[in-house]
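The structure appears below as structure tokens.
Numbering (the working numbering), first residue to last: 29 to 580.
Given below as structure tokens:
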């Protein structure tokens, strides 16, 4: 009982302000969306920057982007651990915002100061002979990217959980607000990305890289100021210490008591059982039953007063929840491979196509083709939240219309479709180019639309799933699982690009991923990922059918 009283007292001291819900959202969403402007907008056009300004070949640039993307998406899991255990969400977001601002300043300097990058090519910038970048120039570039990754680790790990802290889940209004928050959160930063992917990319490609980098740098500064302005509206939840101590405690205790059977040697710690059942409505489930022995208290332990070895029902069920999430998390990694390819090789395709906007002389920046995915997201999510969701709920009698894992499943179907269509369109593009005709860049629109629906269902679904299915005191870590999956997918994508390039180019054969994609077989690579995604969908369906939702 003392433990429960301590917990209740802790909650009362950490939640001293009234939950204002949506009144606090503009400041939190502004910080997150403008952060995405810097990181996602930079990544979308960074391959062009490295090829044209640093004279890297296609495979080298794609490998660097995938590696940086992996580090960027891994950083939130570190930021989440620090936040949930020690610093709290708000301080972590502030630290991340400052680091990201410094990273954008470094990248702006690389484009502004000629000595920080190689001299311009005297011939064709892509295929001609150019001066290689120096080690010091590369180190400066990587330092900027590192600061961006650190900043992303602080912001992305905590923005969504910090936003959820502003809603009171004990009220119907609070629960409804937290549910719709995920869709509107993704819609808001998508709209900002849409603006950056058109205006900023146009400036970078047609006016100046320095100005193009300076714009998101200034907006990052504005986001940091807005974050501080909103402090009078926020609810702050203090960290509770190491979030892994309870997990370690349950696992160790369950293992040590795995062979305990004699009733003369044990005593179920009934006060903790009854307290948890009344306050948290939790009972020991039969899932992962081997962990249930952690609630047993040995008679000799009681005599020695080893309270550290006493586990509550809530702690045991939290560990079960985390274990059950792992298969869903693992199955998401392959799905992110398709998204990685749309951010790298799609740009290479666009560079070989007719970039002229129909009926005008305007040339579309190659990386801007991903705007079509953003438009899909920006149109569909508000339409779903304001028009469709209520009608679907009336049919399915389920909150949100469909379950979280059903959303993810639909997203996996769109993932397979994206890569299959990408292969077909790449074959048409290559055949047309070899015959002397450059087809319009808008031939890439179908795969971009499908990728938009993939993000609508999978990214939004997984974001809500990881935030709501983990214990409350681990919400930042749960939110970061999405980015950890993206990180692992980026490492896997980088390794896959290198392996496929090496294996298919053996024996003097032309690699599928040749520097000149007109001489390669990029469509075969897309079909390969589509096959992997199909196997992944089968694995996901098997895991989803066996998953038990938390508190249901």
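By construction, the Cβ of each residue, glycine as well, lies at the ideal position given by its N, Cα and C atoms.
From residue i to residue j, what distance separates their C-alpha atoms?
i           : j           : result
residue 235 : residue 421 : 49 Å
residue 572 : residue 431 : 11 Å
residue 98  : residue 287 : 42 Å
residue 119 : residue 185 : 12 Å
residue 547 : residue 460 : 13 Å
residue 473 : residue 489 : 24 Å
residue 465 : residue 385 : 16 Å
residue 292 : residue 109 : Because residue 292 carries a pLDDT of 38, less than 50, the predicted location of this residue cannot be relied on, and no value is offered for it.
residue 423 : residue 429 : 8 Å
residue 434 : residue 80  : 43 Å
residue 358 : residue 491 : 15 Å
residue 229 : residue 242 : 12 Å
residue 42  : residue 412 : Low per-residue confidence applies at residue 42: pLDDT is 42, beneath 50, and the placement is therefore not dependable, though the value from the model is reported in the following sentence. Going from the Cα of residue 42 to the Cα of residue 412 covers about 35 Å.
residue 577 : residue 260 : 35 Å
residue 275 : residue 142 : 52 Å
residue 105 : residue 518 : 15 Å
residue 511 : residue 502 : 15 Å
residue 162 : residue 220 : 35 Å
residue 307 : residue 117 : Reliability of the predicted coordinates at residue 307 is poor, the pLDDT of 43 falling under 50, and no value is obtained from them.
residue 395 : residue 138 : 20 Å
residue 565 : residue 140 : 46 Å
residue 122 : residue 52  : 16 Å
residue 133 : residue 232 : 15 Å
residue 176 : residue 126 : 10 Å
residue 148 : residue 520 : 33 Å
residue 160 : residue 82  : 7 Å
residue 387 : residue 415 : 35 Å
residue 297 : residue 112 : Any reading at residue 297 is ruled out, since the residue's pLDDT is 44, under 50, leaving its predicted position unreliable.
residue 493 : residue 418 : 20 Å
residue 171 : residue 96  : 11 Å
residue 496 : residue 504 : 11 Å
residue 135 : residue 239 : 11 Å
Strictly by DSSP, which residues pair up with residue i?
i           : result
residue 143 : In DSSP, residue 143 forms no bridge with anything.
residue 468 : 382
residue 584 : There is no way to answer for residue 584, as the model of the chain reaches only from 29 to 580.
residue 391 : 384
Report all residues from its chain with a CB closer than 6 Å to the CB of residue i; omit the five preceding and five following residues, and keep chain order.
i           : result
residue 322 : 278, 281, 282, 339, 344
residue 560 : 362
residue 448 : 558
residue 320 : 312
residue 237 : 139
residue 346 : 499
Mind reading off the beta-carbon distance from residue i to residue j? Whole number of angstroms is fine, and I expect it under 8 Å.
i           : j           : result
residue 59  : residue 254 : 6 Å
residue 479 : residue 315 : Not really, about 35 Å apart at Cβ, beyond 8 Å.
residue 218 : residue 406 : 5 Å
residue 56  : residue 182 : With 8 Å as the limit, residue 56 and residue 182 do not qualify as a contact, their Cβ atoms being about 14 Å apart.
residue 244 : residue 273 : The Cβ separation is near 39 Å, so there is no contact.
residue 440 : residue 342 : Rounded, the Cβ-Cβ distance is 32 Å, inconsistent with contact.
residue 215 : residue 410 : 6 Å
residue 250 : residue 194 : Rounded, the Cβ-Cβ distance is 21 Å, inconsistent with contact.
residue 173 : residue 124 : Going by Cβ atoms, the distance from residue 173 to residue 124 rounds to 15 Å, so no, they are not a contact pair.
residue 102 : residue 515 : 4 Å
residue 65  : residue 222 : That belief does not hold up - the Cβ atoms of residue 65 and residue 222 are roughly 10 Å apart, past 8 Å.
residue 209 : residue 192 : 7 Å
residue 507 : residue 267 : Incorrect: roughly 15 Å between the Cβ atoms, too far for contact.
residue 484 : residue 408 : 5 Å
residue 324 : residue 285 : 5 Å
Can you find the residues in the same chain that come closer than 7 Å, C-beta to C-beta, to residue i, ignoring five residues on each side of it along the sequence?
i           : result
residue 454 : 377, 550, 551, 554
residue 392 : 383, 385, 469
residue 93  : 71, 74, 75, 372
residue 575 : 352, 356, 433
residue 78  : 84, 89, 92
residue 165 : 144, 145, 146
Among the residues of its own chain, which have a CB less than 8 Å from the CB of residue i, if the five just before and after it don't count?
i           : result
residue 91  : 522, 525, 526
residue 87  : 525, 526, 529, 541, 543
residue 348 : 313, 315, 316, 319
Give me the residue from the options with the minimum Cα distance to residue i.
i           : options            : result
residue 443 : 535, 65, 82, 476   : 476
residue 400 : 481, 148, 265      : 481
residue 463 : 65, 381, 414       : 381
residue 588 : 158, 250, 487, 146 : This structure cannot settle anything about residue 588, because the visible part of the chain is limited to 29 through 580.
residue 211 : 515, 543, 486, 497 : 486
residue 436 : 500, 504, 567      : 567
residue 354 : 122, 128, 498, 532 : 498
residue 179 : 169, 349, 129, 144 : 129
residue 379 : 252, 458, 61       : 458
Under a CB-based cut-off of 8 Å, is residue i close to chain D?
i           : result
residue 226 : In the structure shown, chain D does not exist; there is a single protein chain.
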